[in-house]
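Chains as they are written, first to last, in this note's numbering: chain V, 38 to 759; chain S, -3 to 149.
Ideal Cβ placement from N, Cα and C applies to all residues, glycine included.
Since the structure is predicted, the reported quantities are computational estimates derived from the model, not experimental observations.
Presented below is the structure to which this report refers.
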Amino acid sequence: MTINVSRRGFMIGSAAGTAALLVGVNAKGVLAAGSGVAAATDLNPFVKIDADGTVTVIIKHFEMGQGTTTGLTTLVAEELDADWATVQTAFAPADNERYANLFFHAQGTGGSTSIANSFMQYREAGAAARDLLVRAAAQNWGVDASSITVENGMLKSGGNSGHFGEFVAIAATLEAVEKPTVKTPDQFKLIGSDKLHRKDNTDKTNGTAIFAMDVNLPGMIYAAIMRSPKFGGTVTSFDDSASKDVAGFIAAQILPNKAGVVAFGKNTWAAFQARDALSVEWDFSQAETRSTDAMIADHKALLDAPQFDANHEVPLASVEPLLANATKTIDAEFTFPFLAHAPLEPENCIIEPTENGVRLHDGCQFPTLTRPMVAAALGLEPSQVEIRTLYAGGSFGRRANGASDYNVEAAMAFAVSGRKVPVKLVWSREDDIRGGYYRPMAVHRAKIGLDSDGKIIGWDHRIAVKSIMKGGPMEGMVQDGIDPTSVEGVTESLYTIPNHGIGLSDFQTPTPILWWRSVGHTHTGYVMETLMDMLAIETGQDPIEMRLAMLDPAGTNQARMIEAIKLVREISGWEKGDKRGFAAHLSFNTCVAVVADVTVEDTSVHVNKLFMAVECGVAVNPDVIRAQMEGGAGYALCAAFRNEITLTDGEVDQFNFPDYELLRNAEMPAIEVAIVQSNNAPTGVGEPGVPPTAPAVANAIFAKTGKRITDLPMTKAGFDFV
Amino acid sequence: MQYQLKINGESRTVEAEPGTPLLWVLRDGLELTGTKFGCGVAYCGACTVHIDGYPTRSCQTFIEDAVDSEITTIEGATDKIAQAVQAAWREKDVVQCGWCQSGQIMSAIGLLTENPKPTDDEIKEYMYGNACRCVTYVRINEAIKLASEKLEA
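Written out as structure tokens, the structure reads:
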């Protein structure tokens, strides 16, 4: 069969005798339509319509709970005028070109980009499909296309009516328009609607949703890995004699990279027990052997002589003499611990042999990274690695890993198992908490110089943190030695700050680190918004008024932030002298402003309520946005209150949830989220709720107690949270 | 060893070693994967099932201790209270990643079985043992309230 990759679609009589219309982009990035068979090989569409009228939206992003399945479906269904209630979804296969994130030019989910990069792409796919169906119906009925109306998956013209499926056969023979007309905002029925329910609502409430860990394959064996107790250690020898006493134990082997020993079992429990019974000798010569206190001290030493000037226009050296002339200075030093992501579904991956290579079953966040890494580990071509993307039980950044660590582990386990049967690698919670890829430890030091009028004359800001990007696949983002994820949130501050010098030093440790929901903003947002509160207090200004005065409304994002701040001030009823806390931060192109209301009794803090306002452009799914603000705020609170990963002589001190406590039901404050009405292009919401939440709470605690919290978690300042 | 279990109203025979947590028997042996593994130490509640009607952590229940009991998993939660809870969960759009939600729902069913009209504080106290990393608690509590109202109506 010849497959045409132009915009002409083919009608192919399939064996089953059913037709399907598929619309998407072809390899050249041009909208294309085709039948089911053609599309399977060449068109890789976003929209599939079966002969029975069933509309299936192909989801190029993975679903970790952020709501993208619902969001992308909304975009297509809006333009297609499909029946929302019956639209189905399916995850896209690994295909770097056709299913690329348009912002990354690679297939992957992250940086709160799913809706932002897909907004026009998915709408145009829906609009193109609608146009094809309309023209097909016009041809079939012998009427003018302009006489046809489309609503809820039905086409009508005069006395004629029919569902989408009745016209897919003809539609697939037509040529898709290159640039379909999309709706204007006043025509939206689904985008912006508060009445749509999540598409993953049913299967996640009756136990039928399938996550990678839920996949059971015939003949499958289970794997658990004993990793070095100190990061960077390697295996020298092991003894599995005690594992042999475990019923269901199959075998143990050193991983090819010597990073650990894998134990195979007939079920997960046997694999865990056999792994725990292993006795392993380690070489720690390249391993991290420091304790947390020493690592903090080493960060602080780096602050004395920053390696890089992150603000090219204002070298730190130019700020120092200005500060010497200051009437008053605000000085502060901040420390942030390593943090585990702790997605509730522990890391796991299945690899099964196929005729052509292997198939991964994974909640796969970055197929573009994972596919070649797994291929390399198995000596295969990337094309021989098929990825079946499943629901992910959370990620928070953990699964977007340049090293594809747990996928590669699964590949190595599969390799040493003999490659004949499917291997399921499962991490225990202890593996997850102790397994690295943490939010990096970070230390900031700031000195703000004020003149006699309380005006800023210079701001010396220094950051020491391990680079996330250096040495990884995204190293190309590093410019002049500066990893943007180390300084974002300070370098791109929206405030007008004269003489803002920013120094950066890269901390070095074998401890693997990674982005954690909102990345650098997890620490930069806290520091900037705490400093702004200190500045307001020092200069006797209202924290909100002061910030508004430091935002230039001529700037696009500044203007958006002003809207968010004014909205949160309104919904919270903020007044001058308010004893609540305020913070606002831009991240991932979204502005979020927060007011936190806390009660403090002695040292016990209860967060009563959070008010949040968000400016994220067009609100595609307002309720999903609210859910992401709620979740982001809760995620931030949990870490700020009490989470830290600490090391003693290089070994992680924490094991599981009893010593890395999650936020509990009763600890979640009431929360009110308001969305700024906006016609700007949509921006992300998965992460931006995180950065301003903890500083808003810290500023509220200051307002109530006069105690400034600069070392996280907040328990270090003597507070407990109830 | 072979064990006879009463799960979701059916008698099931499974092969397992004594001391195996019920969780892994359900997930690996019986492919009832709606019950989730989160921590293995009864600290997150993702593995919550009903044993003789009471929400119980299956990760800390040995198979030999479950043989004479009626076990209900999310797959078998179909009674009136379960239906009300699931409907309320959907109406409030509670779920995000979904991994903890089977356990949350099994606990919520347990709560409403014991206490058809729980107060806000009673809900928060009862649900304390079910952790949600996506932090959907506000909606969980709203959904429990809604389910309670539905059942009363």
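- Query: Ends of the beta strand (DSSP E) at Lys461 of chain V?
  - Reply: Val460 to Val463
- Message: Helix, strand or coil for Asp828 of chain V? Go by DSSP, reduced to three states.
- Response: Past the boundaries of the shown model lies residue 828 of chain V; chain V is included only from 38 to 759, so the question cannot be answered.
- Taking Cβ-Cβ distances shorter than 9 Å, what residues in chain S pair up with Thr405 of chain V? Against Thr405 of chain V, chain S offers no close residue; the least beta-carbon distance is about 22 Å (beta-carbon pairs closer than 9 Å).
- Please list, in chain order, all residues of the same chain as Val283 of chain V whose beta carbon is under 8 Å from its beta carbon, the five residues on each side excluded. Gly302, Ala307, Gln310, Ala311 and Ala314
- Query: Does Arg53 of chain S have its Cβ less than 8 Å from a Cβ in chain B?
  - Reply: The structure shown has no chain B; the protein chains it does contain are V and S.
- Have a look at the DSSP bridge pairing and note the partners of Arg482 of chain V. V:Glu370 and V:Arg499
- Bridge partner(s) assigned by DSSP for Ile95 of chain V: Note: Ile95 of chain V sits in a beta bridge opposite V:Ala127.
- Item | Contact belief for Asn626 of chain V with Gly721 of chain V at Cβ below 8 Å, rounded distance in angstroms | 7 Å
- Message: Going by DSSP, what residue range makes up the beta strand (DSSP E) through His560 of chain V?
- Response: Element bounds for His560 of chain V: not the beta strand (DSSP E) but the alpha helix (DSSP H), His558 to Glu575.
- Item | Own chain, CB closer than 7 Å to Gly99 of chain S, minus 5 neighbours either side, in chain order | Lys32, Gly41, Ala42, Cys43, Thr44 and Asn126
- Step through the CB atoms of chain S and report whether any lies within less than 8 Å of the CB of His558 of chain V. no
- Message: Quick check: is the beta carbon of Thr34 of chain V nearer than 8 Å to any beta carbon in chain S?
- Response: Outside the shown range of chain V, which is 38 to 759, sits residue 34 of chain V, and nothing can be said about it.
- Contacts around Arg8 of chain S, its chain only, beta-carbon distance under 7 Å, and the 5 residues preceding and following it disregarded: Leu1 and Leu26, listed in sequence order.
- Message: Closest to Gly431 of chain V by C-alpha separation, out of V:Asp748, V:Pro419 and V:Gln402, would be which residue?
- Response: V:Gln402
- Rounded straight-line distance, which links the Cα of Asp231 of chain V to that of Glu138 of chain S: 17 Å
- Task: Can you tell me which of the three DSSP states Leu427 of chain V falls into?
- Result: coil
- Query: In terms of alpha-carbon separation, which member of V:Lys753, V:Glu704 and V:Arg745 lies closest to Thr132 of chain S?
  - Reply: V:Glu704
- Query: Mind checking whether Val60 of chain V and Ala166 of chain V have CB atoms under 8 Å apart?
  - Reply: yes
- Do you know how far the Cα of Phe739 of chain V is from the Cα of Asp589 of chain V? Separation of Asp589 of chain V and Phe739 of chain V (C-alpha to C-alpha, rounded to the nearest whole angstrom) is 28 Å.
- Whose CA, out of V:Asp570, V:Ala633, V:Gly687 and V:Thr567, lies closest to the CA of Arg606 of chain V? V:Ala633
- Item | With 16 other Cβ atoms within 10 Å as the buried cut-off, status of Gly755 of chain V | Label assigned to Gly755 of chain V: exposed.
- Item | Amino acids of chain S, ordered along the chain, whose beta-carbon sits closer than 7 Å to that of Asn693 of chain V | The answer, in chain order, is Cys35, Val37 and Tyr39.
- Item | Coil, strand or helix - Arg774 of chain V by DSSP | What the structure shows of chain V is the stretch from 38 to 759, and residue 774 of chain V is not part of that stretch, so it cannot be assessed.
- Give the residues of chain V in contact with Arg8 of chain S, contact being defined as C-beta atoms less than 9 Å apart. In chain order: nothing, as chain V lies at least about 15 Å away.
- Message: Here's the rule: buried if 16 or more other CB atoms are within 10 angstroms of the residue's CB, otherwise exposed. What is Pro112 of chain S?
- Response: exposed
- Report yes if the CB atom of Trp552 of chain V is closer than 8 Å to the CB atom of Gly434 of chain V, and no otherwise. yes
- Taking 8 Å as the CB-CB cut-off, is Gly241 of chain V touching chain S? Note that residue 241 of chain V is Lys in the sequence shown here, rather than Gly. Yes, Lys241 of chain V counts as interfacial toward chain S.
- Message: Is it buried or exposed, Pro732 of chain V, if we count other Cβ atoms within 10 angstroms and call 16 or more buried?
- Response: Buried, because 16 or more other Cβ atoms sit within 10 Å of the Cβ of Pro732 of chain V.
- Query: Mind checking Val460 of chain V: buried by the 16 CB within 10 Å criterion, or exposed?
  - Reply: buried
- Counted within 10 angstroms of its Cβ, other Cβ atoms place Asn444 of chain V as buried (16 or more) or exposed: Under this definition Asn444 of chain V is a buried residue.
- Query: So what does DSSP say about Gly179 of chain V, is it helix, strand or coil?
  - Reply: coil
- Item | Buried versus exposed, by CB contacts within 10 Å (16 or more), Glu116 of chain V | By the Cβ neighbour-count rule, Glu116 of chain V is buried, with 16 or more other Cβ atoms within 10 Å of its own.
- Task: Quick one: grab the DSSP three-state call for Lys646 of chain V.
- Result: strand
- Item | Reduced DSSP category for Leu283 of chain V - H, G, I as helix; E, B as strand; rest coil | The amino acid at residue 283 of chain V is misidentified as Leu; the sequence shows Val. Coil at Val283 of chain V, not helix or strand.
- Task: Starting from Asn137 of chain S, follow the beta strand (DSSP E) in both directions and report where the run begins and ends.
- Result: First-last for Asn137 of chain S: Tyr133 to Glu148, but that is the alpha helix (DSSP H), not the beta strand (DSSP E).
- Return helix, strand or coil for Leu604 of chain V, following the three-state DSSP convention. helix
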